[in-house]
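**Student:** Protein chains in written order, with the working numbering: chain Z, 4 to 810; chain U, 2 to 197. Right, I'll just put the structure down here and ask away after.
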Amino acid sequence: MAHRVGRAHSMGFQVFVAFSPWNLLLLLVALECSEASSDLNESTNSTTQHEPNVQFAAASSEPDENIPVFVLDYDYVQIPYEVTLWILLASLAKIGFHLYRRLPGLMPESCLLIIVGALVGAIIFGTDHKSPPVMDSSIYFLYLLPPIVLEGGYFMPTRPFFENIGSILWWAGLGALINAFGIGLSLYLICQIKAFGLSDVNLLQNLLFGSLISAVDPVAVLAVFEEARVNEPLYMMIFGEALLNDGISVVLYNILIAFTKMHKFEDIEPVDILAGCARFVIVGVGGVFFGIIFGFISAFITRFTQNISAIEPLIVFMFSYLSYLVAETLYLSGILAITACAVTMKKYVEENVSQTSYTTIKYFMKMLSSVSETLIFIFMGVSTVGKNHEWNWAFICFTLVLCQVWRAISVFALFYVSNQFRTFPFSIKDQCIIFYSGVRGAGSFSLAFLLPLSLFPRKKMFVTATLVVIYFTVFIQGITIGPLVRYLDVKKTNKKESINEELHIRLMDHLKAGIEDVCGQWSHYQVRDKFKKFDHRYLRKILIRKNLPKSSIVSLYKKLEMKQAIEMVETGILSSTAFSVPQLAQRIQGTKRLSPEDVESMRDLLTHNMYQVRQRTLSYNKYNLKPQTSEKQAKEILIRRQNTLRESMRKGHSLPWGEPASAKNIRYLSFPYGNPQPASRHRRVAEFTDNDSSDSELPSIMFKEHSQRDLPQERYPTQEIIPMKSLYRGRKPTNFRYQRNTSQEEHVGQGRRAALRPKPLFRAVDEEYESGEESAEEASAIGPGWPPEHRPSREHHKSHSPLLRRK
Amino acid sequence: MGSRSSHAALIPDEDSLRRETGFSQASLLRLYHRFRALDTNKKGYLSRMDLQQIGALAVNPLGDRIIDSFFPDGSLQVDFPDFVRVLAHFRPADDEDAGLRDPREPEPLNSRMNKLRFAFQLYDLDRDGKISRHEMLQVLRLMVGVQVTEEQLESIAERTVQEADEDGDGAVSFLEFAKSLEKMDIEQKMSIRILK
Numbered sequence: 004m005a006h007r008v009g010r011a012h013s014m015g016f017q018v019f020v021a022f023s024p025w026n027l028l029l030l031l032v033a034l035e036c037s038e039a040s041s042d043l044n045e046s047t048n049s050t051t052q053h054e055p056n057v058q059f060a061a062a063s064s065e066p067d068e069n070i071p072v073f074v075l076d077y078d079y080v081q082i083p084y085e086v087t088l089w090i091l092l093a094s095l096a097k098i099g100f101h102l103y104r105r106l107p108g109l110m111p112e113s114c115l116l117i118i119v120g121a122l123v124g125a126i127i128f129g130t131d132h133k134s135p136p137v138m139d140s141s142i143y144f145l146y147l148l149p150p151i152v153l154e155g156g157y158f159m160p161t162r163p164f165f166e167n168i169g170s171i172l173w174w175a176g177l178g179a180l181i182n183a184f185g186i187g188l189s190l191y192l193i194c195q196i197k198a199f200g201l202s203d204v205n206l207l208q209n210l211l212f213g214s215l216i217s218a219v220d221p222v223a224v225l226a227v228f229e230e231a232r233v234n235e236p237l238y239m240m241i242f243g244e245a246l247l248n249d250g251i252s253v254v255l256y257n258i259l260i261a262f263t264k265m266h267k268f269e270d271i272e273p274v275d276i277l278a279g280c281a282r283f284v285i286v287g288v289g290g291v292f293f294g295i296i297f298g299f300i301s302a303f304i305t306r307f308t309q310n311i312s313a314i315e316p317l318i319v320f321m322f323s324y325l326s327y328l329v330a331e332t333l334y335l336s337g338i339l340a341i342t343a344c345a346v347t348m349k350k351y352v353e354e355n356v357s358q359t360s361y362t363t364i365k366y367f368m369k370m371l372s373s374v375s376e377t378l379i380f381i382f383m384g385v386s387t388v389g390k391n392h393e394w395n396w397a398f399i400c401f402t403l404v405l406c407q408v409w410r411a412i413s414v415f416a417l418f419y420v421s422n423q424f425r426t427f428p429f430s431i432k433d434q435c436i437i438f439y440s441g442v443r444g445a446g447s448f449s450l451a452f453l454l455p456l457s458l459f460p461r462k463k464m465f466v467t468a469t470l471v472v473i474y475f476t477v478f479i480q481g482i483t484i485g486p487l488v489r490y491l492d493v494k495k496t497n498k499k500e501s502i503n504e505e506l507h508i509r510l511m512d513h514l515k516a517g518i519e520d521v522c523g524q525w526s527h528y529q530v531r532d533k534f535k536k537f538d539h540r541y542l543r544k545i546l547i548r549k550n551l552p553k554s555s556i557v558s559l560y561k562k563l564e565m566k567q568a569i570e571m572v573e574t575g576i577l578s579s580t581a582f583s584v585p586q587l588a589q590r591i592q593g594t595k596r597l598s599p600e601d602v603e604s605m606r607d608l609l610t611h612n613m614y615q616v617r618q619r620t621l622s623y624n625k626y627n628l629k630p631q632t633s634e635k636q637a638k639e640i641l642i643r644r645q646n647t648l649r650e651s652m653r654k655g656h657s658l659p660w661g662e663p664a665s666a667k668n669i670r671y672l673s674f675p676y677g678n679p680q681p682a683s684r685h686r687r688v689a690e691f692t693d694n695d696s697s698d699s700e701l702p703s704i705m706f707k708e709h710s711q712r713d714l715p716q717e718r719y720p721t722q723e724i725i726p727m728k729s730l731y732r733g734r735k736p737t738n739f740r741y742q743r744n745t746s747q748e749e750h751v752g753q754g755r756r757a758a759l760r761p762k763p764l765f766r767a768v769d770e771e772y773e774s775g776e777e778s779a780e781e782a783s784a785i786g787p788g789w790p791p792e793h794r795p796s797r798e799h800h801k802s803h804s805p806l807l808r809r810k
Numbered sequence: 002m003g004s005r006s007s008h009a010a011l012i013p014d015e016d017s018l019r020r021e022t023g024f025s026q027a028s029l030l031r032l033y034h035r036f037r038a039l040d041t042n043k044k045g046y047l048s049r050m051d052l053q054q055i056g057a058l059a060v061n062p063l064g065d066r067i068i069d070s071f072f073p074d075g076s077l078q079v080d081f082p083d084f085v086r087v088l089a090h091f092r093p094a095d096d097e098d099a100g101l102r103d104p105r106e107p108e109p110l111n112s113r114m115n116k117l118r119f120a121f122q123l124y125d126l127d128r129d130g131k132i133s134r135h136e137m138l139q140v141l142r143l144m145v146g147v148q149v150t151e152e153q154l155e156s157i158a159e160r161t162v163q164e165a166d167e168d169g170d171g172a173v174s175f176l177e178f179a180k181s182l183e184k185m186d187i188e189q190k191m192s193i194r195i196l197k
């Protein structure tokens, strides 16, 4: 999982698109030249003498008469200077890449990074500069790899992962093994053919090469086919494979290196092979075990950090890193350890830390992994351009071919088997997508680069072959997978639909999404249920903070929601689209026919302004931590409801909608306070029919808090509940304490909700607010302002579309 | 699920329900568990509040109407058979027995017409069998963002009704509605894969 691909953001920079990449390229070249020239300067530094009052401090300087006024010492800063320059270069390239909107959809970002790396390599090669020795085995494994893996583990969507974990383990684990051994053995057979001149490459070396070349980085292509609706399980398979693949490859690699070091080829006995297998399992399981332990420890510690929230990110990172190091000490798989640590830690840490710490953690993680992968790609580029190659046609071609062949074999064979056990099997189309997404990345390169030369006299050939495979897969497969997926996808015809159809199609999409939500998620809910019970009963009590007083939250919610409502109203009022249908005349005449252009513009208006259907598929976005449109849209919908409620309550009219209300009862919803605040607790429950809603939006978002809690205010059955506008905490799931562990998916978009019901017969009711598990610092939740008629003791949490809760 | 047989006994009238809705036993069981999960307080039926607890529905622009579609005729409770009957509309069509169906039996709940009827009732709130301009406008308002002004919405609503209205009564009847969507693949739009 060495690299990810970001998604383009339409920044409206199209005007500059045409020349900004070129501008940036020029900038890059300029930067590089400055670097090169500074390197050239270095070589002339020590030998040049200038005027007496301006002297260059030479390495061997005798005491001069003048104090050196201007001193240049490049050696001192060379390594950090060049590294920084490279990172900046890659960042600038990425900016340019994303500015040009279409580009990220065409090719994975790894392409760009490789190109930049090759450029840097070319410049360095051209200026005969000796590249700083930044990449060697220990640096790679200790510093460059952990951030990448940590980011992958942290941002992994846990629920789909665990739902599909059987298939993922089966596919990733066995797939990696089959690929590695398959490629290795086949290559060994090829090497035996004397004509290719490869007979000195023995079996172990081939196996090692197979293991490192089978490390794929399929996430690189995820962004490329994001627009095509890849279904969730497929997405998870690719993601899961990326996650586990690095770990498995590295484990295999290390085991085989150990083999190579310890034995000559002829001495290997079956016992050793068995020991190798056992070791494989132990390394994997042990790594995960340590990761989980460290995850729990760090979650526990974050429970107590409320007063020094500045160190919370530090704790998270240090413990993850520590888990990696401890696992590596014991020769267990550090990668799996850090992944397990991140997955375990995330749930609890997210609830405990403050919002700012949370954001910091996320961004810092992304930053670190970005830096790492940039550096790795630069190295790759630097190694490409140079004299360190050994080109052997047979080896390279066969490697390429065998990689594809074995991937195809493993995909189709393994999925054939696992489909028998899955409730929703993967179609052939899905399997083709998985097969084609086998893009190699920096992981393979790193492992190849780090082959010890002593054991691998033909290391250069391996490196060359690896580079060729990477270039091939990244460029050719990366660029063509987008069109392929779109081709395989069921495309609707692009004909323009009538306005009727547009509207009805969208309505049906929303309807379908809604009914899907009613049905909920089905697979394996029993296991998940059991885990959640255990989680709630024990783990959360230990690991999650006790809550803090609510006043800060309340005011912050109010403030945030107010601001948003204001913004929304302002943009709603001020915006207008060019639309020139004479409405008045139309209304009067009734059936006036519109001109085609008007119809066109109407249709466009509709298409662009209708709310998007909530996406079931995940979207992994490397550079943004949340998808902005859907969240904005969710907020908008909720705020509109709130506003309508408020308005209609002010007007005080009962809103006719549909049949006349038979029973004008109001349902109120209120929540008990969790902590010892002496707010009065009245809760009244009544039934409410939908007829009291406003004309357009039904304001009743009611959310019954789990009332039968271990709280003293249990007068539930006889009470009315005010439906309050409910809001979830932004970005962070609040896990409530379930009374019964219902496997509702609403735990995803958790929080308490209360919708405000603007009925005239509404008596002021206190809504208490169950805030049991919530950590008080989650003040980022956005609450609605409530109408001034109500007492200020209400709280709301902004609802957050379940899928957006974490990215 | 290993405990399937013991749970099946919990579903009342399972056989008739199965025949009526066409769900498999496994799906019916899953739906039953979902029903029970949604049914807080273990009342044995779902109230509106239970459905409103589903988080994703709150940010669905049609969330409230979808919930209301579970409560036809102003009732306040939906029991399991009704729940399943609503969801049966979204079952993917069974191609196999398309030709074998007994024409005397009532149409299966997930036929194209029934799916369309279900969608129709989302528009037609007063249940008069027609979508008036006003009702169309209401739906539009729900589904469109705030950037669109009221006049624009009205003209769009006007146009929508105009396009579909054939007998000129200013409202869209069910047949006109169905006709305007005849080219659309309703099966795919209104079928949920997991409800096999």
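We treat Cβ as the ideally placed atom computed from N, Cα and C, and that holds for glycine. All values derive from a computational prediction rather than experimental measurement.
Below 8 Å on the Cβ atoms is my guess for Lys306 of chain Z versus Arg548 of chain Z; work out the distance and round it to an integer in Å.
**Tutor:** Sequence inspection shows Arg at residue 306 of chain Z; the Lys mentioned does not correspond to that position. Yes, Arg306 of chain Z and Arg548 of chain Z are in contact; Cβ-Cβ is about 5 Å, under 8 Å.
**Student:** Is there a Cβ of chain Z sitting closer than 8 Å to that of Arg160 of chain U, yes or no?
**Tutor:** Judged by the 8 Å Cβ criterion, Arg160 of chain U is in contact with chain Z.
**Student:** Closest to Met239 of chain Z by CA distance: which of Z:Ile193, Z:Arg162, Z:Lys536 is it?
**Tutor:** Per the Cα distances, Z:Arg162.
**Student:** List the residues of chain Z whose Cβ lies closer than 7 Å to the Cβ of Ile132 of chain U, in chain order.
**Tutor:** The premise fails here: Ile132 of chain U is roughly 11 Å from chain Z at the closest Cβ pair, so nothing lies under 7 Å.
**Student:** Contact criterion: CB-CB distance below 8 Å. Does Asn422 of chain Z meet it with respect to chain U?
**Tutor:** No, Asn422 of chain Z does not count as interfacial toward chain U.
**Student:** Out of curiosity, what's the CA-to-CA distance linking Phe367 of chain Z and Ser373 of chain Z?
**Tutor:** The straight-line gap from Cα to Cα measures roughly 10 Å.
**Student:** When the cut-off is 8 Å and only beta carbons count, does Glu164 of chain U lie next to chain Z?
**Tutor:** Yes, because at least one Cβ of chain Z sits closer than 8 Å to the Cβ of Glu164 of chain U.
**Student:** Tell me whether the beta-carbon of Thr347 of chain Z lies closer than 8 Å to the beta-carbon of Trp394 of chain Z.
**Tutor:** Contact: no.
**Student:** With distance defined between alpha-carbon atoms, name the residue in Z:Glu244, Z:Ala245, Z:Pro273, Z:Arg282 nearest to Ala261 of chain Z.
**Tutor:** If we check each option's Cα against that of Ala261 of chain Z, Z:Arg282 comes out closest.
**Student:** Counting C-beta neighbours from all protein chains within 10 Å, is the total for Cys280 of chain Z 16 or more, i.e. buried, or is it exposed?
**Tutor:** So Cys280 of chain Z ends up on the exposed side.
**Student:** According to the Cβ coordinates, are Phe72 of chain U and His90 of chain U closer than 8 Å?
**Tutor:** Not in contact: Phe72 of chain U and His90 of chain U (Cβ atoms no closer than 8 Å).
**Student:** Can you give the Cα-Cα distance for Leu52 of chain U and Thr476 of chain Z, rounded to whole angstroms?
**Tutor:** Roughly 48 Å between the two C-alpha positions.
**Student:** Nearest by alpha-carbon distance to Phe121 of chain U: which of U:Ala38, U:Leu182, U:Ile12 is it?
**Tutor:** Phe121 of chain U has its Cα closest to that of U:Leu182, out of U:Ala38, U:Leu182, U:Ile12.
**Student:** Which chain U residues are close to Ser501 of chain Z, counting only those with a beta carbon under 8 Å from its beta carbon?
**Tutor:** What Ser501 of chain Z touches in chain U: Glu164, Ser181.
**Student:** Please classify Met265 of chain Z: is it buried, with 16 or more other beta-carbons within 10 angstroms of its beta-carbon, or exposed?
**Tutor:** Classification of Met265 of chain Z: exposed, given that the 10 Å Cβ count is below 16.
**Student:** Specify the secondary structure class of Ile311 of chain Z as computed by DSSP and reduced to three states.
**Tutor:** DSSP places Ile311 of chain Z in coil when its eight states are reduced to three.
**Student:** Can you give me the C-alpha to C-alpha distance between Tyr191 of chain Z and Asn205 of chain Z, rounded to a whole angstrom?
**Tutor:** Rounded to whole angstroms, Tyr191 of chain Z to Asn205 of chain Z spans 7 Å at the Cα level.
**Student:** How many whole angstroms separate the CB atoms of Ala38 of chain U and Glu188 of chain U, which I take to be in contact at a CB cut-off of 8 Å?
**Tutor:** Actually they are not in contact, since the Cβ atoms of Ala38 of chain U and Glu188 of chain U sit about 29 Å apart, beyond 8 Å.
**Student:** Rounded to whole angstroms, what's the CA-CA distance from Phe382 of chain Z to Tyr84 of chain Z? Just pull it up for me.
**Tutor:** Each residue's alpha carbon lies about 15 Å from the other.
**Student:** Taking only beta-carbon positions, decide if Gly517 of chain Z is within less than 8 Å of chain U.
**Tutor:** Gly517 of chain Z counts as touching chain U.
**Student:** Taking 8 Å as the threshold (C-beta atoms), are Leu247 of chain Z and Ala175 of chain Z in contact?
**Tutor:** Yes.
**Student:** Within the 8 Å Cβ cut-off, does Met383 of chain Z reach chain U?
**Tutor:** It does not: the Cβ of Met383 of chain Z has no partner Cβ on chain U nearer than 8 Å.
**Student:** Given a threshold of 16 other Cβ atoms within 10 Å of its Cβ, counted over all protein chains shown, does Lys638 of chain Z qualify as buried or as exposed?
**Tutor:** With 16 or more Cβ atoms within 10 Å of its Cβ, Lys638 of chain Z is classed as buried.
**Student:** Which class does Ser252 of chain Z belong to by DSSP, given the choice of helix, strand or coil?
**Tutor:** Looking at Ser252 of chain Z - three-state DSSP - the assignment turns out to be helix.
**Student:** Three-state secondary structure (DSSP) at Ser729 of chain Z?
**Tutor:** Note that Ser729 of chain Z has pLDDT 37, beneath the 50 cutoff, so the model's placement of it is unreliable and the number below is only indicative. Note: Ser729 of chain Z maps to coil in three-state DSSP.
**Student:** Mind listing the chain U neighbours of Asn612 of chain Z? Cutoff is C-beta to C-beta under 8 Å, in chain order.
**Tutor:** By Cβ distance, chain U contributes Val145, Gly146, Gln148, Val149.
**Student:** Cβ of Gly124 of chain Z within 8 Å of Cβ of Ser449 of chain Z?
**Tutor:** No, the Cβ-Cβ distance between Gly124 of chain Z and Ser449 of chain Z is not below 8 Å.
**Student:** Can you check DSSP and say which residues form a bridge with Met185 of chain U?
**Tutor:** Beta-bridge pairing links Met185 of chain U to no other residue.
**Student:** Determine contact between the stretch 291-303 of chain Z and the stretch 317-337 of chain Z, defined as no fewer than three beta-carbon pairs at a distance below 8 Å.
**Tutor:** Enough Cβ pairs lie closer than 8 Å, so yes.
**Student:** I'd like to know if Gly169 of chain Z contacts chain U, where contact means its C-beta is closer than 8 Å to some C-beta of that chain.
**Tutor:** No - not a single Cβ of chain U is within 8 Å of the one on Gly169 of chain Z.
**Student:** Helix, strand or coil, according to DSSP, for Ser174 of chain U in the structure here?
**Tutor:** Three-state DSSP puts Ser174 of chain U in a strand.
**Student:** Do Gly23 of chain U and Leu117 of chain U have their CB atoms nearer than 8 Å?
**Tutor:** Taking 8 Å as the Cβ cut-off, Gly23 of chain U and Leu117 of chain U do not qualify as a contacting pair.
**Student:** For Ile68 of chain U, which residues of its own chain have a beta-carbon under 7 Å away from its beta-carbon, when the five flanking residues on both sides are left out?
**Tutor:** Closer than 7 Å at Cβ, skipping near neighbours: Arg49, Leu52, Gln53, Leu58.
**Student:** Is there a Cβ from chain Z that is less than 8 Å from the Cβ of Arg35 of chain U?
**Tutor:** Closer than 8 Å: yes.
**Student:** Compile a chain-ordered list of the residues in the stretch 49-62 of chain U whose CB is closer than 9 Å to at least one CB of chain Z.
**Tutor:** Cβ contacts with chain Z: Arg49, Met50, Asp51, Leu52, Gln53, Gln54, Ile55, Gly56, Ala57, Leu58, Ala59, Val60, Asn61, Pro62.
**Student:** Rounded C-beta distance between Tyr143 of chain Z and Leu333 of chain Z? I'm assuming under 8 Å.
**Tutor:** Not confirmed; about 20 Å, so no contact.
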